[in-house]
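Engineer:
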Amino acid sequence: MADFENEKKALHDAMVAYKVPGILDAVEKARAAGMNANDIINAMGDGMTDVGVLFERGKLFLPHVLSAAAGMTKAMETLNKDLEAQGGVETKKKGVAVMGTVEGDVHDIGKSICSTMLQCAGFEVHDLGRDVPKQKFVDEVAAGAGYCGMSALMTTTMTVMKDVIGMLKDAGLRDKTIVMVGGAPVTQAYCDKIGADIYGESASETTEKVKAATEV
Ligand code: B12
678 MADFENEKKA
688 LHDAMVAYKV
698 PGILDAVEKA
708 RAAGMNANDI
718 INAMGDGMTD
728 VGVLFERGKL
738 FLPHVLSAAA
748 GMTKAMETLN
758 KDLEAQGGVE
768 TKKKGVAVMG
778 TVEGDVHDIG
788 KSICSTMLQC
798 AGFEVHDLGR
808 DVPKQKFVDE
818 VAAGAGYCGM
828 SALMTTTMTV
838 MKDVIGMLKD
848 AGLRDKTIVM
858 VGGAPVTQAY
868 CDKIGADIYG
878 ESASETTEKV
888 KAATEV
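Position 151 (the sequence shown) corresponds to 828 in this note's numbering; numbering is contiguous.
#1: Use the C-beta contact count for Arg-734: other C-beta atoms within 10 angstroms, 16 or more gives buried, fewer gives exposed.
#2: Just list the alpha helix (DSSP H) runs in the region 790 to 841, keeping only unbroken ones of 4 residues or longer that don't cross its boundaries, in chain order.
#3: Is Val-858 close to the ligand B12? I mean its beta-carbon at under 7 Å from any heavy atom of the ligand.
#4: Less than 7 Å between the CB of Asp-874 and some heavy atom of the ligand B12, yes or no?
#5: Starting from Ile-718, follow its DSSP beta bridges and name the residues at the other end.
#6: Kindly indicate which three-state DSSP category Met-857 falls into: helix, strand or coil?
#7: Please state whether the Cβ-Cβ distance between Leu-739 and Val-693 is less than 8 Å.
#8: Check whether the Cβ atoms of Met-835 and Val-863 lie closer than 8 Å to each other.
#9: Is it buried or exposed for Gln-796, if we count other Cβ within 10 angstroms and need 16 for buried?
#10: Check for me: the alpha helix (DSSP H) holding Tyr-876 runs from which residue to which?
#11: Specify whether the region 867 to 874 and the region 800 to 820 touch according to this definition: at least 3 beta carbon pairs, one from each stretch, less than 8 Å apart.
#12: Does the contact criterion of 3 or more C-beta pairs under 8 Å hold for the region 843 to 856 versus the region 877 to 885?
#13: I'd like to check one pair, Leu-756 with Ala-714: are the Cβ atoms closer than 8 Å?
#14: Judging by CA-CA distance, which residue of Glu-761, Ala-889, Gly-724, Glu-780 is the nearest neighbour of Met-794?
#15: When burial is assigned at 16 or more other CB atoms within 10 Å of the CB, is Ala-691 buried or exposed?
#16: Taking the alpha carbon of Ser-881 as the point to measure from, which residue in Phe-681, Ala-798, Ala-679 has its own alpha carbon closest?
#17: Quick one: using the 10 Å Cβ neighbour count with 16 as the cut-off for buried, is Lys-788 buried or exposed?
#18: For Ile-786, verify whether its CB is less than 7 Å away from any heavy atom of the ligand B12.
#19: When burial is assigned at 16 or more other CB atoms within 10 Å of the CB, is Glu-682 buried or exposed?
#20: Specify the secondary structure class of Val-863 as computed by DSSP and reduced to three states.
#21: Run the proximity test for Pro-698: is its beta-carbon closer than 7 Å to any non-hydrogen atom belonging to the ligand B12?
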């Protein structure tokens with residue numbers, strides 16, 4: 678079986694080089710070579726993580742990070758369609774999930790990947806986007822969302838997840854929903870500490886855990 682090491686390296690390097698045409702070109706080459714959408718996304722995600730490291734070290738600057746993010750977002754338009762086609766989207770609805778990046782946080786790439794993968798796995802996903810007010814999550818759960826997924830990419834915004842869990846408790850809704858949390862600074866320990874139900878390190882892990890929770 679092909680291991681696509683060359684394509685993975687090309688995708689990673691294109692992300693770090695942060696030029697949108699270069700990123701799209703690497704994605705097209707990987708698709709043409711037969712690499713599946715999930716693996717392409719993971720390779721780009723690894724590249725994006727390194728963009729973050731280089732940004733932290735002062736080797737890349739904000740416009741470069743923005744450009745890499747724009748390239749990944751653009752590539753996701755095609756990859757989302759591939760995911761749906763390759764995943765053979767489940768038609769039997771498994772449940773309703775609300776997804777969003779918490780208040781004060783505009784990082785939405787990872788959250789959007791999770792939303793797409795959950796959709797492919799048969800969930801109806803209400804993706805509220807980014808910088809989502811706390812009350813909106815509560816309203817969606819009140820309206821029947823059995824899964825409440827929150828993403829945070831900053832240490833300053835991850836605390837919002839705890840606030841929303843508190844608001845769900847106050848509204849008597851906490852037991853009606855499975856709370857999922859994720860994003861680079863979030864860990865299993867943090868998930869446990871704030872009383873969330875599922876921590877997902879990646880979109881595939883999230884989907885597997887949610888499917889397992891649904892089947893119980
Ligand atoms: C791209 C990026 C941006 C882009 C975002 C574009 C977009 N549309 O998302 C832009 C340039 C806009 C940006 C802005 C800023 N950023 Co920024 N950014 C990043 C960067 C480089 C990559 C994030 C990313 O997309 N990763 C790739 C995706 C695929 O991975 P992921 O998000 O982790 O998602 C996966 C998992 O976490 C999980 N997951 C994600 N969400 C969820 C949700 C649930 C429910 C579950 C279960 C799982 C799950 O599954 C995903 C897929 O596998 C990170 C560095 C890093 N190491 O994370 C910094 C980073 C997050 N940014 C940072 C900062 C500081 C900022 C700014 C404040 C910069 C500034 N000075 O203006 C602003 C924030 C403005 C705001 N109010 O939000 C810091 C945060 C530091 C901290 N300690 O909190 C980081 C860590 C960079 C750094 N080292 O300094 N950023």
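In this text, a Cβ means the ideal position worked out from N, Cα and C, and glycines have one as well.
It should be emphasised that the depicted structure is a prediction, and the values quoted were computed from it without experimental measurement.
Structural biologist: Quick answer:
#1: Here residue 734 refers to the residue found at position 57 of the sequence shown. Arg-734 should be labelled exposed.
#2: Counting only runs of 4+ residues, the alpha helix (DSSP H) found wholly inside the region 790 to 841 occupies 811 to 819, in chain order.
#3: Position 181 of the sequence shown, counted from the first residue, corresponds to residue 858. Yes; taking the cut-off as 7 Å, the Cβ of Val-858 has a heavy atom of the ligand B12 nearer than that.
#4: Taking the sequence shown and counting its residues from 1, the one referred to as residue 874 is at position 197. Short note on Asp-874: C-beta not closer than 7 Å to any heavy atom of the ligand B12.
#5: The sequence position of residue 718 within the sequence shown is 41, counting from 1. Paired residues: none, contrary to the question.
#6: In the sequence shown, the residue the question calls residue 857 occupies position 180. Strand at Met-857.
#7: Looking up residue 739 in the sequence shown gives position 62. Looking up residue 693 in the sequence shown gives position 16. Contact flag unset, no.
#8: Numbered from its first residue, the sequence shown carries residue 835 at position 158. Numbered from its first residue, the sequence shown carries residue 863 at position 186. Pairing Met-835 with Val-863 gives a Cβ-Cβ distance under 8 Å.
#9: Translated into the one-based positions of the sequence shown, residue 796 becomes position 119. Gln-796 comes out buried.
#10: Within the sequence shown, numbered from 1, the residue matching residue 876 stands at position 199. Boundaries around Tyr-876 are those of the beta strand (DSSP E), 875 to 877, since no alpha helix (DSSP H) includes it.
#11: Contact fails: fewer than three Cβ-Cβ distances are below 8 Å.
#12: The region 843 to 856 vs the region 877 to 885: no contact.
#13: As a first step, residue 714 must be located in the sequence shown, where it is residue number 37. As a first step, residue 756 must be located in the sequence shown, where it is residue number 79. With contacts defined by Cβ atoms closer than 8 Å, Ala-714 and Leu-756 form a contacting pair.
#14: Walking along the sequence shown from the start, residue 794 turns up at place 117. Here the closest residue by C-alpha is Glu-761.
#15: In the sequence shown, counting from the first residue as 1, residue 691 sits at position 14. By the neighbour-count criterion, in which a residue is buried when 16 or more other Cβ atoms sit within 10 angstroms of its Cβ, Ala-691 is buried.
#16: Position 204 of the sequence shown, counted from the start, is the residue given in the question as residue 881. Checking every option, the nearest Cα to that of Ser-881 belongs to Ala-798.
#17: As a first step, residue 788 must be located in the sequence shown, where it is residue number 111. Burial is judged here by how many other beta carbons sit within 10 angstroms of a residue's own beta carbon; Lys-788 has at least 16 and is buried.
#18: Against the sequence shown, residue 786 aligns to sequence position 109. For the ligand B12, at least one heavy atom lies less than 7 Å from the Cβ of Ile-786.
#19: Translated into the one-based positions of the sequence shown, residue 682 becomes position 5. So Glu-682 ends up on the exposed side.
#20: The sequence position of residue 863 within the sequence shown is 186, counting from 1. Of the three classes helix, strand and coil, the one that applies to Val-863 here is coil, per DSSP.
#21: By one-based count along the sequence shown, residue 698 stands at place 21. Pro-698: no, Cβ never under 7 Å from the ligand B12.
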